[in-house]
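Visitor: Mind having a look at this structure? Questions to follow.
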Amino acid sequence: MQNQTKNFFAKLGRGTLSLGAMCFLMGSLASAAKQVRVVTTIPDLADLAREIGGEHVDVRCLSKGTENLHSVHVRPSMLIAMSKADLFLEMGLSMEAAWLPGLLLKARNSKIQPGALGFQNCSAGWQTIGVPEDLSRKDGDVHPEGNPHFNLDPLGGPHLALRVHEALVRVDKGHAEVYGKNLSLWQKRLTQKQKAWTVIAERIKGQKIAVYHSEYDYLARRLGLQVVASIESKPGVPPGPGDIAKVVQTMREQKVTVILTAAWSNNRQVADIAKKAGAQVVELPNQVGGAAWAKTWLDLMDGVHERLDAAFPAKQQ
Amino acid sequence: MPLAILAVFFTSPADLFAQRADVSSPGSTSSGEFGQSTRFDNTFNPAISLVFSVIADWQEFSGGSPDGLELELSRVDLLLAAWIDPNAFAWTTIAYEGEELELDEAAIEYVGLPGNHTLRAGRFFVDFGKQMQSHVEELRTIQRPLVLRDYLGEELAGDGLQWDHWSSAGDVTLLRYSIGAFNDLSGGGHGHGEEGVAPEVHVDERKRGERLGFTSRFTSLTEVGSNGVLQMGVSGRWLNDFAFEQESSELLSPGLSNAVYGADLSYGWVSDDGIRDWTVGGEYLVFDGDLSGELDDNGTETVADDQLVVFSDRVAGGYAFIDHGWSRFDSAGVQYSMIQEPELGRRQASEFDLYYTRQLSETLRLRIGATFVDNEDGEDSGRFAIQLTGFLGPHGHGLNW
Numbered sequence: 000m001q002n003q004t005k006n007f008f009a010k011l012g013r014g015t016l017s018l019g020a021m022c023f024l025m026g027s028l029a030s031a032a033k034q035v036r037v038v039t040t041i042p043d044l045a046d047l048a049r050e051i052g053g054e055h056v057d058v059r060c061l062s063k064g065t066e067n068l069h070s071v072h073v074r075p076s077m078l079i080a081m082s083k084a085d086l087f088l089e090m091g092l093s094m095e096a097a098w099l100p101g102l103l104l105k106a107r108n109s110k111i112q113p114g115a116l117g118f119q120n121c122s123a124g125w126q127t128i129g130v131p132e133d134l135s136r137k138d139g140d141v142h143p144e145g146n147p148h149f150n151l152d153p154l155g156g157p158h159l160a161l162r163v164h165e166a167l168v169r170v171d172k173g174h175a176e177v178y179g180k181n182l183s184l185w186q187k188r189l190t191q192k193q194k195a196w197t198v199i200a201e202r203i204k205g206q207k208i209a210v211y212h213s214e215y216d217y218l219a220r221r222l223g224l225q226v227v228a229s230i231e232s233k234p235g236v237p238p239g240p241g242d243i244a245k246v247v248q249t250m251r252e253q254k255v256t257v258i259l260t261a262a263w264s265n266n267r268q269v270a271d272i273a274k275k276a277g278a279q280v281v282e283l284p285n286q287v288g289g290a291a292w293a294k295t296w297l298d299l300m301d302g303v304h305e306r307l308d309a310a311f312p313a314k315q316q
Numbered sequence: 000m001p002l003a004i005l006a007v008f009f010t011s012p013a014d015l016f017a018q019r020a021d022v023s024s025p026g027s028t029s030s031g032e033f034g035q036s037t038r039f040d041n042t043f044n045p046a047i048s049l050v051f052s053v054i055a056d057w058q059e060f061s062g063g064s065p066d067g068l069e070l071e072l073s074r075v076d077l078l079l080a081a082w083i084d085p086n087a088f089a090w091t092t093i094a095y096e097g098e099e100l101e102l103d104e105a106a107i108e109y110v111g112l113p114g115n116h117t118l119r120a121g122r123f124f125v126d127f128g129k130q131m132q133s134h135v136e137e138l139r140t141i142q143r144p145l146v147l148r149d150y151l152g153e154e155l156a157g158d159g160l161q162w163d164h165w166s167s168a169g170d171v172t173l174l175r176y177s178i179g180a181f182n183d184l185s186g187g188g189h190g191h192g193e194e195g196v197a198p199e200v201h202v203d204e205r206k207r208g209e210r211l212g213f214t215s216r217f218t219s220l221t222e223v224g225s226n227g228v229l230q231m232g233v234s235g236r237w238l239n240d241f242a243f244e245q246e247s248s249e250l251l252s253p254g255l256s257n258a259v260y261g262a263d264l265s266y267g268w269v270s271d272d273g274i275r276d277w278t279v280g281g282e283y284l285v286f287d288g289d290l291s292g293e294l295d296d297n298g299t300e301t302v303a304d305d306q307l308v309v310f311s312d313r314v315a316g317g318y319a320f321i322d323h324g325w326s327r328f329d330s331a332g333v334q335y336s337m338i339q340e341p342e343l344g345r346r347q348a349s350e351f352d353l354y355y356t357r358q359l360s361e362t363l364r365l366r367i368g369a370t371f372v373d374n375e376d377g378e379d380s381g382r383f384a385i386q387l388t389g390f391l392g393p394h395g396h397g398l399n400w
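Protein chains in written order, with numbering that gives the first Met the number 0: chain A, 0 to 316; chain B, 0 to 400.
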């Protein structure tokens, strides 16, 4: 009888443990199931989706922060992530045009196709610059809708945050309040940061710079920097010896001391030009994750401002 | 049931036919909008693109063939592509090559099936190995590897249907298979001997189902670390009913069949910044069955005793390559391809390619290549070529990996 009782309690204990484990597992699964599966094209959007979505989102970014966004290498996991996504966030303005349409089509996920609730073009409502007057390849790799690199505009992040918030609320109305709260918190942090950025912008305003590609146009415009030379004479077209000579001459004449360039540009060539023109090269990431210090969009902007500030010491004195 | 179909047909708000009379004529199709605002409206017209390829080459042969320089507009592809409705898109490729204009592809891809199934119908490049879906100007080299040219043809377009499906295994592995049925998959065909004397491949227009040509491919694509992708695949092409035909002698060898089996393996590595990459790969093919035909005139000039000799055999060949890109605009590689000739004796031929590609811009490409052919059965040759390829417009209709 005693043995029977013992066995009963042993079984009960094991059963309770199993039940507990099952409940825990089911609870975890349920929690995971409730998360909105978000896929983004660039790390900036992934960062904002994490900030605003918090624990209610599971975010996957397709590109690496160090990659050239015009030619991302599509890997198997990207298609798998796209096929399971509830929400897809793209920059738009043809930034991802070279690799995204085929991926979207092949994913066969009706929830994130253009026009569906789960598709968000985050450039919607953004005032673009550099819209070509004449759509011809004689002008290089032009973007018909204008320059797409607005994530580097200090006002680009807030715009993207609004689009991300809007999309999250659309696909997950149940957590709209949380998303709104998270957005407000992020905006408060942004406001704090913007004060410091404004001080730096005032300090470096009017400085002349050269660039390799046109990805820093928004940033330069917002900070009042003058882009007086572009090493790529036309976007996407590698410069020839004549172009380089012209850039060096312009930089010398205009007393340009800084060249802004991204990691994926031809930086050996950029260094050579800088040497000839007596300028320094400032390599800036063009998106989140493009450098170890650019872990979030706010970090990215902090770092960009700090590096630009350091690049123009003369005016500080 | 037929009445129901008729009812749907006649109550459909949009007319199903593009060609129609302006006045409703009993018995003919009625007028309607057909989704266009006017019949001369351009809004829904397809995307148009053009690819042109110009080659300047110097070729030298060990035997009696003429050496020398040639400047040639080697190929022009005109591509039209558009969505037909939310579930289907279509494209047409018209190719100009060797002073001939040919309809390379004209196909519809239907993506409205549940799951990740796709159905393709019409004329299109079949799904075999890593290269046969692509037009030659899209390849890494100036021409297709010798083994593919010889066993499958310069291009392998078929008139038929292809069913395709992809799925995933875990988070980083994709699996895909396809099955195709085609009326004609003879590709370049295989007649040997002098031009004009060699037998032509003949395929009946109508045949029983099991005598169609078939293709199949199964492939997996998996990530290796955060920078590498490994692909493995197997493919098959079965040509089940064809004949060798000698028009001048009215000779015919019917009821022939052959198959090509292939296995491919490739690995690609791309640096974090996407600038540098390494790719290595290769494909091994076995060609089995009735492989080629030759006219035997029995040493006389009399046509009456001529006969067609069909070579039935199993031969094998393959190619391997290594390719390195060191900037956004520069890459180079080497490729080696060898075959056993599909004839008695299994004589071998090999081809060695060296190439450098400079992307002058995103839409203009310069390629310099050198090719050396070692042929046990015929002349050895060497070729030095410069190719300029321009891509105008929204080129491409998407390929399966």
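Glycine is no exception: its CB is placed at the ideal position from the N, C-alpha and C atoms. In this text, all values refer to a predicted model and were calculated from it rather than measured experimentally.
Could you give the distance in angstroms between the alpha-carbon of H323 of chain B and the alpha-carbon of H134 of chain B?
Guide: Whole-angstrom Cα-Cα distance: 22 Å.
Visitor: Which runs of the beta strand (DSSP E) at least 3 residues long sit entirely within the region 137 to 223 of chain A? Give them in chain order.
Guide: Whole beta strand (DSSP E) segments, 3+ residues: 207 to 210.
Visitor: Distance cutoff 8 Å, beta carbons only. Does N146 of chain A sit that close to anything in chain B?
Guide: No, because no Cβ of chain B sits closer than 8 Å to the Cβ of N146 of chain A.
Visitor: Could you pull the start and end residues of the alpha helix (DSSP H) that A80 of chain A belongs to?
Guide: P75 to K83 is the span of the alpha helix (DSSP H), which, as asked, contains A80 of chain A.
Visitor: So, at 8 Å on beta carbons, what are the nonlocal neighbours of R107 of chain A in its own chain, with the 5 sequence-adjacent residues on each side left out?
Guide: Taken in chain order, the residues that qualify are S82.
Visitor: List the residues of chain A whose Cβ lies closer than 9 Å to the Cβ of T362 of chain B, in chain order.
Guide: The answer, in chain order, is R136, D140 and G235.
Visitor: Given 8 Å as the limit, is there contact between the region 235 to 245 of chain B and the region 198 to 218 of chain B, that is, 3 or more CB pairs closer than that?
Guide: With a cut-off of 8 Å, the region 198 to 218 of chain B and the region 235 to 245 of chain B count as touching, because enough Cβ pairs lie within range.
Visitor: Please state whether the Cβ-Cβ distance between A331 of chain A and P284 of chain A is less than 8 Å.
Guide: Past the boundaries of the shown model lies residue 331 of chain A; chain A is included only from 0 to 316, so the question cannot be answered.
Visitor: Using the rule of at least 16 other Cβ atoms within 10 Å of the residue's Cβ for burial, across every protein chain shown, is A6 of chain B buried or exposed?
Guide: Because the pLDDT of A6 of chain B is 46, which lies under 50, any placement of that residue in the model is unreliable, and the question is left without a value.
Visitor: Quick one: which chain A residues come within Cβ less than 7 Å of R346 of chain B?
Guide: Those within 7 Å of R346 of chain B in chain A number zero; the least Cβ separation is about 41 Å.
Visitor: Starting from R251 of chain A, trace the alpha helix (DSSP H) in both directions and tell me its first and last residue.
Guide: Element bounds for R251 of chain A: P240 to Q253.
Visitor: Put A293 of chain A into one of helix, strand or coil per three-state DSSP.
Guide: Coil at A293 of chain A, not helix or strand.
Visitor: Since I believe T256 of chain A is in contact with A278 of chain A (beta carbons under 8 Å), could you give me their beta-carbon distance rounded to a whole number of angstroms?
Guide: That pair is a contact at about 5 Å.
Visitor: Using a cut-off of 7 Å between C-beta atoms, extract the partners of P312 of chain A located in chain B.
Guide: Within 7 Å Cβ-Cβ: nothing; P312 of chain A doesn't reach chain B, min ~29 Å.
Visitor: When you compare the CB of H72 of chain A with every CB in chain B, is at least one pair closer than 8 Å?
Guide: Yes - at least one Cβ of chain B is within 8 Å of the one on H72 of chain A.
Visitor: Give the straight-line distance between the Cα atoms of R68 of chain A and P75 of chain A, rounded to the nearest whole angstrom.
Guide: Strictly speaking, residue 68 of chain A in this sequence is Leu, with Arg absent from that position. One C-alpha to the other measures close to 18 Å.
Visitor: Would you say V223 of chain B lies against chain A (beta-carbon separation less than 8 Å)?
Guide: No, because no Cβ of chain A sits closer than 8 Å to the Cβ of V223 of chain B.
Visitor: Could you tell me which chain B residues have their CB closer than 9 Å to the CB of K63 of chain A, listed as they occur along the chain?
Guide: Under the 9 Å cutoff, chain B gives S225, D271, D272 and G273.
Visitor: Checking contacts by CB at 8 Å: is T172 of chain B closer than that to chain A?
Guide: Chain A, which has a Cβ nearer than 8 Å to the Cβ of T172 of chain B, makes this yes.
Visitor: Of all the CB atoms in chain B, is at least one closer than 8 Å to the CB of W263 of chain A?
Guide: It does: the Cβ of W263 of chain A has a partner Cβ on chain B nearer than 8 Å.
Visitor: Jot down the residue ranges of each uninterrupted alpha helix (DSSP H) in the region 130 to 175 of chain B, minimum 4 residues, whole runs only, in chain order.
Guide: If we require 4 residues or more, the alpha helix (DSSP H) runs fully inside the region 130 to 175 of chain B come out as 145 to 150.
Visitor: Beta carbon of N226 of chain B, beta carbon of D271 of chain B: below 8 Å?
Guide: In contact: N226 of chain B and D271 of chain B (Cβ atoms closer than 8 Å).
Visitor: What is the DSSP secondary structure of I404 of chain B, reduced to helix, strand or coil?
Guide: The structure shown does not extend to residue 404 of chain B, since chain B is modelled only from 0 through 400, so no value can be given for it.
Visitor: Whose C-beta lies closer than 8 Å to the C-beta of D329 of chain B among residues of the same chain, with five residues either side of it excluded?
Guide: Result list for D329 of chain B: Y355, T356, R357 and Q358, in chain order.
Visitor: Closer than 8 Å, Cβ to any Cβ of chain A: which residues of the region 96 to 124 of chain B, in chain order?
Guide: For the region 96 to 124 of chain B, which is checked against every Cβ of chain A, the residues closer than 8 Å are V110, G114 and N115.
Visitor: Just to make sure I have the definition right: I need the residues of chain A whose C-beta is within less than 8 Å of the C-beta of L220 of chain B. Which are they?
Guide: Within chain A, the residues near L220 of chain B are P75.
Visitor: Along the chain, where does the alpha helix (DSSP H) that runs through Q306 of chain B open and close?
Guide: Counting along the chain, Q306 of chain B falls outside any alpha helix (DSSP H), though it belongs to the beta strand (DSSP E) covering Q306 to G324.
Visitor: Tell me whether G302 of chain A sits in a helix, a strand or coil according to DSSP, three-state version.
Guide: G302 of chain A falls in the helix class under three-state DSSP.
Visitor: With three or more beta-carbon pairs closer than 8 Å as the criterion, would you say the region 121 to 138 of chain B touches the region 148 to 159 of chain B?
Guide: A contact exists between the region 121 to 138 of chain B and the region 148 to 159 of chain B.
Visitor: What residues in its chain sit with their C-beta under 7 Å from that of A106 of chain B, if we drop five residues either side in the sequence?
Guide: A89, W90, R119, A120, G121, R122 and F123, listed in sequence order.
Visitor: Would you please verify whether the beta carbon of F217 of chain B is less than 8 Å from any beta carbon of chain A?
Guide: No - not a single Cβ of chain A is within 8 Å of the one on F217 of chain B.
Visitor: Relative to the C-alpha of E165 of chain A, which candidate in A:L182, A:E144 and A:D57 has its C-alpha closest?
Guide: With distances taken between Cα atoms, E165 of chain A lies closest to A:L182.
Visitor: Do you know offhand how far R275 of chain B's Cα is from N265 of chain A's?
Guide: In a straight line, the C-alpha of R275 of chain B is about 12 Å away from that of N265 of chain A.
Visitor: What does L78 of chain A reach in chain B if we use C-beta pairs closer than 7 Å?
Guide: The contacting residues are L173.
Visitor: What does F416 of chain B touch in chain A if you count any residue whose Cβ is under 7 Å from its own?
Guide: With chain B covering only 0 through 400, there is no way to say anything about residue 416 of chain B.
Visitor: Could you tell me which chain B residues have their CB closer than 8 Å to the CB of N67 of chain A, listed as they occur along the chain?
Guide: In chain order: D272, G273, I274 and R327.
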